[in-house]
Structures are given as structure tokens and as C-alpha cells.
Amino acid sequence: MLSLTESAAQTTLSGAGLQFNISNDNDSLLGLLGTGTSVHYAWEAVAYFDTPGIALSYASDTIYNISFDVDGNNGLLDTVAGLTPSFTFELIDGLGNALASDTSGTLVNIAGLLGNGVPTGTIDLDYTLGGIVPTGPVGIRFRGDALVGASALSLGTDYATISNLIITATPVPEPDGVLLAGLSGLMALLQRKRRPA
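Be aware that the sequence shown starts at 59, since it is given in my numbering, and climbs by one per residue.
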């Protein structure tokens, strides 16, 4: 008899980072299914930065830069393995609603940003908030998905690892005071030339 953990997708937070794993030994459901069959694996990890006293909240007119490293070098995240993997990231509010990034929409395709057949690299995203502030603390959501066949038994148990997550918040720059002063001076000069003598 198999337990759920012997055949399920697993998410673990360790000293190395956030790990997305599968159980793929010969005695797991995947091993028992045999050649020509597949198991659908899905992962989800959600984290809110809401520790009392050091909670990270959203602020208006702020640029949030999110960067993290992705290690998928073991073969399971590589599309060459025939697993049709997907791996996504979302910056979310306290209600779980995704915010739109400046360049990649709300649902960021990590594998797409890394490039076809490139399962490892650094993701760097910007999110610019205007005057409307999302509710609740800053949150993140990672999702992974793959159809794994028995041919993956030799590829290892690691789907991907996320590490070195950094979130920085920077106020949206105000217009440059020197530029405004220069434009004001030019306007005054133009008005002076237009007055009849």
C-alpha cells in the first residue's frame, strides 16, 4: 500500500531554499504505473510577510523589485525531459489577489523568462504601485505543474529550488527639481519676450 507522500508533489522550506520535489522511486505510484503512463503533479507555495513588528505592507507610489534564484538543473524542470513543466510566480495582496508586474502581467512564467531549455537562473521583476494600495501584507505565490511519466524515475526528486528571495521597495521618483526650475526659468523668459515694449 502506498501513502500519499510516496506519490505526491512535495514542497519543503529548508536552509537551501524553497524546494519543490516529487517522490519517484520504483515503489511509488509513478514507479508502479510503468512505461507509457503519467502522473500529474502540482505544487503551490504561498508566503505572507506578516510577522508582527516587521510586517511588509504595500505603500502607494512605490516600486517593488522582486528577485530570486531558480535552480532546476536536475532535469525535471527542463522541457527536454518531456514533462511539459510549468512554473509560475505571483506577487499577491492579503486576499490572495495577484498584482500585475511591469513587464510580465500577473502570472509570471518563470520557465519562459529563463528561456527554453534553461532551467536555472535569476528572475528579476518590478511592480509599480500608483495611488491605490492593495490590502494586507505583501505575499508571494509559486506554482509548479508537470505531467511526469515513468521515464522520469532516473531524473531525481527535485523539480526546482527557489533561493535568495529579495524584495526591495523604492518610492516612485518625483520629477527632478532642477528640471522643474529650468522649465520655470524658460517659461519666464518666453513670457518676458512676448510682452509688448
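Positions of the beta carbon are idealized from the N, C-alpha and C atoms, including for glycine.
In this text the structure is predicted, and so the values were computed from the model without any measurement.
Beta-carbon proximity list for L183, same chain, < 8 Å, skipping 5 on both sides: Counted from its first residue, the sequence shown places residue 183 at position 125. Correct list, in chain order: N123, I124, S125, F147, L149, S159, D160, T161, S162, V166.
Bounding residues of the alpha helix (DSSP H) (the contiguous stretch that carries G317): Given that the chain is displayed from residue 59 to residue 255, the structure contains no residue 317 and the question cannot be resolved.
Terminal residues of the beta strand (DSSP E) in which E102 lies: As a working note, residue 102 is residue 44 in the sequence shown. Residues 96-106.
Alpha-carbon spacing of V230 relative to G173, whole angstroms: Residue numbering aside, residue 230 sits at position 172 when the sequence shown is read from its first letter. Residue numbering aside, residue 173 sits at position 115 when the sequence shown is read from its first letter. Using only the alpha carbons, I get a separation of about 30 Å.
Which of helix, strand or coil DSSP assigns to L90: In the sequence shown, counting from the first residue as 1, residue 90 sits at position 32. In the structure shown, L90 sits in a helix (DSSP, three-state: H, G or I).
Candidates G154, T228, T142: closest to A202 by CA position: Position 144 of the sequence shown, counting from 1, holds the residue named residue 202. The residue you asked about is not Ala; residue 202 is Gly in the sequence shown. Among G154, T228, T142, the Cα nearest to that of G202 belongs to T142.
Buried or exposed (CB count within 10 angstroms, at least 16 for buried), F107: Sequence index remark: in the sequence shown, residue 107 carries index 49 (1-based). F107 should be labelled exposed.
Best match in L114, V206, F200, T215 for proximity to S221 [C-alpha to C-alpha]: Residue numbering aside, residue 221 sits at position 163 when the sequence shown is read from its first letter. Checked all of L114, V206, F200, T215; the closest Cα to S221 is F200.
Which listed residue (T180, T193, N79, A67) has its alpha carbon closest to that of L114: Indexing the sequence shown from 1 puts residue 114 at position 56. Ranking T180, T193, N79, A67 by Cα distance to L114 puts T193 first.
For G179, the nearest candidate out of L157, A156, D127, N79 (CA to CA): Taking the first residue of the sequence shown as position 1, residue 179 is located at position 121. Out of L157, A156, D127, N79, D127 has the C-alpha closest to the C-alpha of G179.
Nearest neighbour of L76, chosen from Y185, A117, E102 [CA to CA]: Here residue 76 corresponds to residue number 18 of the sequence shown, with the count starting at 1. The residue with the shortest Cα to Cα distance from L76 is E102.
With 16 other Cβ atoms within 10 Å as the buried cut-off, status of I198: Within the sequence shown, residue 198 is the residue found at index 140, counting from 1. I198 comes out buried.
Where the beta strand (DSSP E) through V191 begins and ends: Taking the first residue of the sequence shown as 1, we reach residue 191 at position 133. Segment: none, V191 is in no beta strand (DSSP E) and carries neither H nor E.
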